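Sequential numbering from 19 applies to the sequence shown in the working numbering. Each residue gets a CB set at the ideal place from its N, CA and C atoms; glycine is no exception. Nothing here was measured: the structure is a model prediction, and the numbers come from that model.
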Amino acid sequence: LFQRDIAKLEKNIGGIQDMTALPDAIFVIDVGYHKIAVAEAKKLGIPVIGVVDTNHSPEGIDYVIPGNDDSAKAVALYARAVADAVLEGKANATADVLAAVAPAGDEFVEVSEEA
Numbered sequence: 019l020f021q022r023d024i025a026k027l028e029k030n031i032g033g034i035q036d037m038t039a040l041p042d043a044i045f046v047i048d049v050g051y052h053k054i055a056v057a058e059a060k061k062l063g064i065p066v067i068g069v070v071d072t073n074h075s076p077e078g079i080d081y082v083i084p085g086n087d088d089s090a091k092a093v094a095l096y097a098r099a100v101a102d103a104v105l106e107g108k109a110n111a112t113a114d115v116l117a118a119v120a121p122a123g124d125e126f127v128e129v130s131e132e133a
């Protein structure tokens, strides 16, 4: 009985122990079901992005995505869109950092081998 509970907890929250800092934001599909996570994020000052269905209040959600949180296809669409946006944002941030640290001029120097 305990082994099953431990396995379930490890599956659901196992990655949290490896976090070295607070997340920049959290994404919640069902804001009613995950209301405790939303409340904890608000206490810690973490912005919340959430899919809000008509049967829940958008209170406490910083970035509301109005939509159906009951349909598996809709949930897959939201998750894919957010994952793609995160990857695109990371790529843009990396490109911006590389552009900022890149030297202003061309460092390539051609040397002739005349002896």
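Point to revise | Spatial neighbours of lysine 60 in its chain, beta-carbon cut-off 6 Å, leaving aside the 5 residues before and after | key: Gly78
**Study point:** Cβ-Cβ distance between isoleucine 47 and valine 82 below 9 Å
**Key:** no
Practice item. Locate the alpha helix (DSSP H) running through tyrosine 96, then write down its first and last residues. Key: Here the alpha helix (DSSP H) through tyrosine 96 covers 90-119.
Point to revise | Under 9 Å between C-beta atoms of aspartate 87 and isoleucine 67 | key: no
Exercise for review: Verify whether the separation of the beta carbon atoms of valine 100 and phenylalanine 45 is less than 9 Å.
Suggested key: yes
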